[in-house]
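Numbers 1 to 464, taken from full-length UniProt numbering, label the letters of the sequence shown in order. Glycine included, C-beta positions come from ideal geometry on N, C-alpha and C. Here the structure is a predicted model, which means the values were calculated and not measured. Working notes, beginning with the structure itself.
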Amino acid sequence: MAKQAAPVKKNETVTLQFEDLTHEGSGVGKINGYPLFVPFALPGEEGDVKVVKVNKNFGFGKLLNLTKSSPERVEPPCDVFYKCGGCQVQHMSYDMQLDMKQEQVKNAMRKIAHLADVPVHPIIRMEDPWRYRNKVQMPVGEKDDGELRTGFYQKRSHRIIEGMETCNIQDEVNDRMVEAVRRIADRLGISAYDEQNDTGVLRHIVVRTGEVTNDTMIVIITRTTELPHQDELVKELIQTYPHIKSIVHNINNRKTNSIWGKTSHAIWGEDYIYDQIGDIKFAISARSFYQVNPPQTKKLYDKALEYAKIGSHDTVVDAYCGIGTISLFMAQEAKKVYGVEVVPEAVDDAKKNAKLNGITNATFYVGEAEKVMPWWTAQGMRPDVIVVDPPRKGCDEELLKAMLGMEPKRIVYVSCNPSTLARDLRILEDGGYATQEVQPVDMFPQTHHVEAVCWLEKNVFNQK
1 MAKQAAPVKK
11 NETVTLQFED
21 LTHEGSGVGK
31 INGYPLFVPF
41 ALPGEEGDVK
51 VVKVNKNFGF
61 GKLLNLTKSS
71 PERVEPPCDV
81 FYKCGGCQVQ
91 HMSYDMQLDM
101 KQEQVKNAMR
111 KIAHLADVPV
121 HPIIRMEDPW
131 RYRNKVQMPV
141 GEKDDGELRT
151 GFYQKRSHRI
161 IEGMETCNIQ
171 DEVNDRMVEA
181 VRRIADRLGI
191 SAYDEQNDTG
201 VLRHIVVRTG
211 EVTNDTMIVI
221 ITRTTELPHQ
231 DELVKELIQT
241 YPHIKSIVHN
251 INNRKTNSIW
261 GKTSHAIWGE
271 DYIYDQIGDI
281 KFAISARSFY
291 QVNPPQTKKL
301 YDKALEYAKI
311 GSHDTVVDAY
321 CGIGTISLFM
331 AQEAKKVYGV
341 EVVPEAVDDA
351 KKNAKLNGIT
361 NATFYVGEAE
371 KVMPWWTAQG
381 MRPDVIVVDP
391 PRKGCDEELL
401 KAMLGMEPKR
411 IVYVSCNPST
421 LARDLRILED
431 GGYATQEVQP
441 VDMFPQTHHV
451 EAVCWLEKNV
461 FNQK
């Protein structure tokens with residue numbers, strides 16, 4: 001049978017009515033049933049679209065102009081929004097962003113997990129959805145005249161966006177700190193890293209600020225083992241900005257797109273800054289994973305703690321424990337918490353954080369959770385609750401088997417990716433657990449990303 005051609009051709013201009021959104025926030029319009037995905041278009045709008053790519057079952061378009069606008073469309077406050085790609089949905093009202101994310105989670109539950117009847121609660125919104133990120137990682141480049149410039153990369157490129165003065169989702173202090181380092185380094189003649197030729201010095205500037213403490217750490221990442229004019233740079237920074245608590249030099253001498261090198265050392269101040277979520281204080285090193293939106297993190301962890309329903313005699317296992325953020329929240333209620341994490345530095349930080357808070361009932365281990373947990377099972381450990389907070393790719397299948405093998409009463413799954421969450425829930429459901437509730441949380445306003453926390457109970461009909 002002859003292959004049916006798409007009803008549109010590349011570079012053709014068509015008029016579309018938009019009726020839906022993709023999970024990344026692009027508008028969806030159809031030509032004779034053939035969907036075109038168009039960035040920056042919203043449901044209810046009409047416009048002229050240039051077809052830029054045609055696949056067998058769908059295509060992509062570029063919005064040329066609108067003939068009808070949605071009442072949910074807003075003017076993005078960012079001057080480089082349409083170039084940057086760091087935020088994808090600033091052109092939507094905040095209510096529309098939340099509706100899109102809510103629907104994203106519901107769709108994943110229905111289509112991937114096949115759990116259409118499980119309640120997906122209204123998403124927990126942020127009171128002020130701007131200036132929330134406590135960490136910025138900014139690449140450094142040079143203008144044609146040799147002056148240093150900083151800014152995020154343009155979409156699908158490693159070209160720094162010109163004319164970027166600020167970022168509206170970054171902490172304002174962090175914005176100022178990046179600009180201060182750039183300005184001083186430029187005056188001292190420190191060159192920017194050239195990715196093409198693997199030459200130059202300054203690769204990235206990273207700034208972290210404690211939400212509660214206002215402690216600031218600056219990390220200067222260079223290709224070279226020495227930071228030129230280090231003493232002068234440090235002196236000027238700390239004289240101008242006395243709230244700086246730590247300045248760290250990270251060395252990345254590999255020809256790579258990765259931001260971080262393996263070696264870091266404080267060149268002024270302490271190795272850590274501190275922050276607090278709820279009653280728990282955290283020491284944060286240069287490379288620690290720490291949630292970028294602490295106010296929403298508190299809401300997320302409170303919900304995880306509620307779902308865990310921990311009693312004073314309960315044992316909890318926290319897989320992917322990181323620096324102990326969730327573990328230490330759980331330890332406030334549990335008899336004992338065991339955290340496991342593959343990154344040794346994170347486990348060191350977790351132990352420091354337990355000590356910092358006087359928590360003695362949390363123990364942390366280095367290793368792959370899918371290997372450590374079966375060993376614990378063989379030793380006779382039977383946790384009452386397992387908490388898991390994996391990266392975007394979700395849980396390793398062996399880890400899911402290990403979780404099922406431990407037979408906890410309850411599982412709390414925290415996820416930053418609804419698709420992999422739904423995939424893993426299906427496996428846990430088939431293994432004898434019933435998903436009770438799903439609570440989305442808006443951790444990353446102005447982007448299409450959404451966090452969710454799920455509560456699963458061991459199905460009484462499957463208990464041995």
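Query                                                                                                                                                                  : Result
I need the straight-line Cα distance from P39 to N459, nearest angstrom please.                                                                                        : 43 angstroms
For the alpha helix (DSSP H) that contains D95, what are its first and last residues?                                                                                  : Y94 to K111
Any beta-carbon of chain D closer than 8 angstroms to the one on F40?                                                                                                  : The structure shown contains no chain D, having only a single protein chain.
Look at the alpha carbon of G151 and the alpha carbon of I238, and state the distance between them as a whole number of angstroms.                                     : 23 angstroms
Which complete beta strand (DSSP E) runs does the region 108-175 hold, if anything under 3 residues is left out?                                                       : 135-142 and 148-150
Suppose you measure from the CA of I247 to the CA of G339; what does that come to, to the nearest Å?                                                                   : 30 angstroms
Alpha carbon to alpha carbon, how far is E75 from E370?                                                                                                                : 47 angstroms
Smallest Cα separation from E407: which of P383, D424 and R423?                                                                                                        : P383
Between which two residues does the alpha helix (DSSP H) harbouring E232 extend?                                                                                       : Q230 to T240
Would the region 260-276 and the region 113-129 be scored as touching if the rule is three or more Cβ pairs under 8 angstroms?                                         : no
Flag this pair as touching only if the region 353-369 and the region 286-298 have three or more C-beta atom pairs under 8 angstroms; answer yes or no.                 : no
For Q196, which of V441, E142 and V80 has the nearest alpha-carbon?                                                                                                    : E142
Within the chosen definition, does the region 440-448 reach the region 78-89 through at least 3 CB pairs nearer than 8 angstroms?                                      : yes
Between G432, D430, L456 and G47, which has its C-alpha nearest C438's C-alpha?                                                                                        : Before going on, a small fix: residue 438 reads as Val here, not Cys. Among G432, D430, L456 and G47, the Cα nearest to that of V438 belongs to L456.
Does E437 come out as helix, strand or coil in the three-state DSSP assignment?                                                                                        : strand
Go ahead and pull the three-state DSSP assignment for residue 533.                                                                                                     : The structure shown has nothing for residue 533, since the chain only spans 1 to 464.
From the DSSP secondary-structure annotation, give me the bridge partner or partners of C454.                                                                          : Y413 and V438
Please return the same chain residues whose Cβ sits closer than 7 angstroms to the Cβ of A331, not counting the five positions on each side in sequence.               : V337, I359, N361 and A362
How far does the alpha helix (DSSP H) with E345 in it reach, from first residue to last?                                                                               : P344 to L356
With 16 as the cutoff for other CB atoms within 10 Å, does N65 come out buried or exposed?                                                                             : exposed
Among the candidates T199, D215 and G189, whose CA atom is the shortest distance from the CA of M177?                                                                  : D215
Looking at S415: is its Cβ nearer than 8 angstroms to the Cβ of E451?                                                                                                  : yes
In angstroms with no decimal places, state the Cα-to-Cα distance between V181 and R73.                                                                                 : 36 angstroms
I need the straight-line Cα distance from E306 to I280, nearest angstrom please.                                                                                       : 17 angstroms
So, is H204 buried or exposed, given that buried needs 16 or more other C-beta atoms within 10 angstroms?                                                              : buried
Can you find the residues in the same chain that come closer than 8 angstroms, C-beta to C-beta, to T22, ignoring five residues on each side of it along the sequence? : V28 and F37
Between Q17 and the rest of its own chain, which residues show a CB-CB distance below 7 angstroms, the 5 nearest in sequence each way excluded?                        : G29 and E46
Name the one or two DSSP bridge partners that Q276 has.                                                                                                                : K281
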